[in-house]
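Peer 1:
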Amino acid sequence: MSTQVNETRLAILEAGRKEFMEYGYEGASLRRIAREASVTTGAIYGYFPSKEALFDALTGDAADGLLERYRQVHEEFACLPPIEQAAALETITDDTIPWMIHYIYDRFDLFKLLFCKGISGSCDSYFAQLAQIEEKSSWDFIEAMRELGHEVMDIDSTLVHILSRSFFQQILEFVAHDVSREKALSYSLVLGRFQHAGWKKIMGL
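Heads up, the final residue of the sequence shown is numbered 205 in full-length UniProt numbering, and it's a clean run with no missing numbers.
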């Protein structure tokens, strides 16, 4: 990619970021983006075939990175012997939550777009992917604790789904209300420990 082509692409992305941030996906105008980037609307289509493609180019890498790292954390946890999983429950909270908060806040504008300014239903769909990872991990953990002989409470799929989504909803609130990084980190650690204390009770630990 030539320097000029790359600079034009970056200019369009930056103009798109500003436009989406101000007007949201639905209200964003490719004409205004083109004017801000000093290109024609037709030139934008040469780089991005649609407004949705431009939005995805801005947010996709950040969103995928968080999703894949979160999946990796839970896969590594699942590989632990059951007896070690019980002991690692506190550690995974204290290690993973700061990473998530810093990852999001290092890319705050992109997650603000993804969570608050995107296509209708896109944030919910993204949280559903994160929650699916959490739900599978929860059921695997329940089974592991039962194998160890713990008296695990009866719990159904609806409640597991609600518990799994609740933490991500809290993160959405931090971003939506521009909570500072320091407060988001402090709040999320308290909330994560609170949630895991509840899981320990459910698991009979």
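Glycine included, every Cβ here is placed at the ideal spot set by N, Cα and C.
1. How long is the line joining the alpha carbons of L113 and T59, rounded to whole angstroms?
2. Leaving out five residues before and five after P82 in sequence, what residues of the same chain have Cβ atoms less than 8 Å from its Cβ?
3. Could you tell me whether the region 186 to 193 touches the region 85 to 94, where touching means 3 or more Cβ pairs closer than 8 Å?
4. Could you name each continuous beta strand (DSSP E) segment of 3 residues or more that falls completely within the region 142 to 167, going from the start of the chain to the end?
5. Just the Cα atoms here: how many angstroms apart are M153 and V160?
6. How would you label Q4, buried or exposed, when you count the other beta carbons within 10 angstroms and need 16 or more for buried?
7. Can you tell me whether P81 is helix, strand or coil according to DSSP?
8. Does the count of Cβ pairs from the region 47 to 57 and the region 16 to 28 closer than 8 Å reach three?
9. Nearest-angstrom Cα distance between R165 and G198?
10. Assign I119 to one of three DSSP states: helix, strand, or coil.
11. Taking 8 Å as the threshold, find out whether the region 29 to 48 comes into contact with the region 62 to 81 through three or more Cβ pairs.
12. Got a sec, what are the start and stop residues for the alpha helix (DSSP H) N41 sits in?
13. Do L163 and I101 come within 9 Å of each other at the CB atom, strictly closer than that value?
Peer 2: So, from the data block:
1. 7 Å
2. A144, M145, E147 and L148
3. yes
4. none
5. 12 Å
6. exposed
7. coil
8. yes
9. 15 Å
10. coil
11. no
12. The amino acid occupying residue 41 in the given sequence is Thr; Asn does not appear at that position. It spans T41 to Y47 - the alpha helix (DSSP H) in which T41 sits, taken as one unbroken run.
13. no
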